[in-house]
Amino acid sequence: MTAAPGGAGRPGRDAMAMGAAYAAFYLAIGIQLPFLPLWLTARGLSPQEIGVVVAAPLVARLFATPLIGFLSDRLGRPKAVLVTLALATCTGMALLALSRDFLVIVLVLGATALFWNPSFALLDSYATRLARAKRADYGRARQWGSASFIVANLAGGVIIGATGQDGIVLMMLAGQLVYLAVSTRLPPLAPAPAPVTDLAGVAGVPWRLVAAIVAVALVQASHSVLYVFGSVHWGAIGIPTTTIGLLWSIGVIAEIFVFRFGTRLMNRFGPHLLIAAGGVAAVARFGALAFAPPEPALFALQLLHGLTFGATYLGMVELIARSVGEHRSGSGQALASWAVSLAMSGASLAAGPLWAAFGTQAFLMSAGLGLLGALVALAARPQPHSSGAGGKASAPS
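Quick note on numbering: the UniProt record's numbering labels position 188 of the sequence shown as 188, and the sequence is numbered without any gaps.
So this is what it looks like as structure tokens:
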């Protein structure tokens, strides 16, 4: 892409700004993912209620993400959309910190997710557009989000262990305020070029792209039981909060490694094999967790997060980048995110009853989803003579 005046930027500075945006964005997520269930437990919610609360943002995402992705593309002002979403998210988190009743928590968190969750896809769309213009490397920018997640995990575990669980949502709010400030400094994008191709005009067999997105959704949904009850379970068996934070961090360290070398991995294996590798790793990771392994084994199993999440996520972003033009980049990433949210919301809703009935055996559902995702990804992989899901392959960055 040839950048228009005012959109060319300086690659080094643009890459730093994009990395800073990811780092700031994932601060709140580094608190929310491992520790929000602890806050919900402290509020007196049951396992079934926690499952509903965790699923609420995913359900909200089903409606908001495609709509806001389309709106962003239509307006042609992705930076303004991201800043507005960040401001609205801060407001929602402030209200969540004041919430105590189950129904109020569900409604407030669901409403907040209408603004927070679409930012995942739109930030990825922003980064891939910079990558196409050779102004940033997607994987290397995204790795700073993972690094920030680790910092939030570790610092959050220490702070929560010392001060208690009541401040968890306030810590999420603080992280989101940092992101709001950083998002205003995102580098400008050149106007998207005239449409050349999109999801409806991709060469080859369209079902392969759809099937690959379904595979991603299945593998990502395999994390649901861990996301909802991992920290609660580890705390219940006596693992300290600081160690819980470290367990999450170990997984993200592996994720950073995958993102760091994402371009090489993509060029060597392609998106379908990366997605399939994530599914196979999910079978091993969650199949083992179903049988309550000892604490040292948990650290080894958490390393598989680099594949179950990192490789699968890279595969998804690259598939969409190959398959849609820049004029629909936000919509494409948003629709893929929608499919993942649909699968994860269903799995999260199922996690509560399954955990209440079977305990750690609920992880067998996760292993099954990973296996199914791997099989679908392999089935969707283009044959050597096929043009595949999106024509000529390209590096993710």
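A virtual CB, placed ideally from N, CA and C, is assigned to each residue, including glycine.
Pull up the distance between the alpha-carbon of Leu98 and that of Val178, whole angstroms please.
Counting only the Cα atoms, Val178 lies some 20 Å from Leu98.
Any contact of the region 282-298 with the region 342-352, i.e. 3+ C-beta pairs under 8 Å?
Contact between the region 282-298 and the region 342-352 is absent, because fewer than three Cβ pairs lie under 8 Å.
Using a threshold of 8 Å, state whether the C-beta atoms of Gly51 and Ser348 are closer than that.
Going by C-beta atoms, Gly51 is nearer than 8 Å to Ser348.
Report all residues from its chain with a CB closer than 6 Å to the CB of Thr360; omit the five preceding and five following residues, and keep chain order.
Within the same chain, and ignoring the five residues on either side of Thr360 in sequence, the residues whose Cβ sits closer than 6 Å to its Cβ are Ala290, Ala292.
Name the two residues that bound the continuous alpha helix (DSSP H) containing Pro57.
From DSSP, the alpha helix (DSSP H) with Pro57 extends over 47-75.
Quick one: any contact between the region 311-322 and the region 234-242, if contact means 3 or more CB pairs under 8 Å?
Taking 8 Å as the limit for Cβ pairs, the verdict is that the region 234-242 does not touch the region 311-322.
Threshold first: 3 residues or longer. Then list the beta strand (DSSP E) segments lying entirely within the region 160-239, N to C.
The region 160-239 contains no whole beta strand (DSSP E) run of 3 or more residues.
Among Gly145, Thr184, Leu301, which has the Cα closest to the Cα of Arg260?
Measuring C-alpha to C-alpha distances from Arg260 to each of Gly145, Thr184, Leu301 identifies Gly145 as the nearest.
Taking only the alpha-carbon atoms, compute the straight-line gap between residue 404 and Ala94 and give it to the nearest angstrom.
Because the chain is modelled from 1 through 397, residue 404 falls outside the range shown and cannot be assessed.
Residue range of the alpha helix (DSSP H) that residue 409 falls in?
This structure cannot speak to residue 409, because the chain is shown only from 1 to 397.
May I have the straight-line CA-CA distance separating Leu189 from Ser183, to the nearest angstrom?
Roughly 13 Å between the two C-alpha positions.
Given a threshold of 16 other Cβ atoms within 10 Å of its Cβ, counted over all protein chains shown, does Arg140 qualify as buried or as exposed?
Flag for Arg140 reads buried.
Does the contact criterion of 3 or more C-beta pairs under 8 Å hold for the region 75-84 versus the region 374-381?
Put simply, the region 75-84 does not touch the region 374-381. Fewer than three CB pairs are less than 8 Å apart.
Roughly how many angstroms separate the alpha carbons of Val219 and Ala350, rounded to a whole number?
Straight-line spacing of the CA atoms in Val219 and Ala350 works out to 16 Å.
Write down the C-beta distance between Ile31 and Gly251 rounded to the nearest angstrom, noting that I regard them as a contact closer than 8 Å.
Between the beta-carbon of Ile31 and that of Gly251 there is about 16 Å, and that puts the pair past the 8 Å contact cut.
On a CA-only basis, which of Thr89, Asp73, Trp39, Gly230 is nearest Thr286? Give me that one, please.
It is worth fixing the name first, because residue 286 is Phe in this sequence and not Thr. Nearest option by C-alpha distance: Gly230.
Which first and last residues belong to the alpha helix (DSSP H) in which Thr243 is found?
241-260 is the extent of the alpha helix (DSSP H) around Thr243.
Pair within 8 Å by beta-carbon distance, Ile29 and Phe149
Contact flag set, yes.
Beta carbon of Pro47 nearer than 8 Å to that of Ala377:
It is not a contact, given that the beta carbons lie outside the stated cut-off.
If we call anything under 8 Å between Cβ atoms a contact, is Phe299 one with Leu247?
A Cβ-Cβ contact shorter than 8 Å links Phe299 with Leu247.
I think Ala254 touches Leu314, with their Cβ atoms under 8 Å apart; what is that distance to the nearest whole Å?
Not really, about 13 Å apart at Cβ, beyond 8 Å.
Tell whether a beta-carbon distance below 8 Å holds between Ile244 and Pro34.
Yes, the Cβ-Cβ distance between Ile244 and Pro34 is below 8 Å.
Three-way DSSP call (helix, strand, coil) for Ser331 in this model
Reduced to three states, the DSSP call for Ser331 is helix.
Proximal residues to Leu335 (C-beta, below 6 Å), its chain only, five neighbours per side dropped:
In its chain, beyond the 5 residues on either side, Pro66 have a beta carbon closer than 6 Å to the beta carbon of Leu335.
Roughly how many angstroms separate the alpha carbons of Leu130 and Val280, rounded to a whole number?
In this structure, the alpha-carbon of Leu130 lies about 32 Å from that of Val280.
Own chain residues within Cβ distance below 6 Å of Gly19, not counting five before or after:
Closer than 6 Å at Cβ, skipping near neighbours: Ala141, Trp144.
Is Ala221 near Leu369, with beta carbons less than 8 Å apart?
A contact, by the Cβ cut-off of 8 Å.
Thinking Thr89 and Thr112 are a contact (beta carbons under 8 Å), I'd like their distance in whole angstroms, please.
That pair is a contact at about 6 Å.
Between which two residues does the alpha helix (DSSP H) holding Gly110 run?
Going by DSSP, Gly110 is part of the alpha helix (DSSP H) stretching over 102-116.
So for Leu304, helix, strand or coil by DSSP?
Looking at Leu304 - three-state DSSP - the assignment turns out to be coil, as it is neither helix nor strand.
If you reduce the DSSP assignment to three classes, tell me which class Arg142 lands in.
Residue state, collapsed to three classes: helix.
Using C-beta distances below 8 Å, list every residue in its chain close to Ser119, excluding the 5 sequence neighbours before and after it, in chain order.
Within the same chain, and ignoring the five residues on either side of Ser119 in sequence, the residues whose Cβ sits closer than 8 Å to its Cβ are Phe25, Leu82, Leu85, Ala86, Thr89.
Below 8 Å on the Cβ atoms is my contact criterion, and I expect Ala282 with Thr308 to pass it. Report the Cβ-Cβ distance as a whole number of Å.
With a Cβ gap of about 5 Å, Ala282 and Thr308 count as contacting.
Suppose you measure from the CA of Glu295 to the CA of Ser249; what does that come to, to the nearest Å?
Those two C-alpha atoms are separated by around 15 Å.
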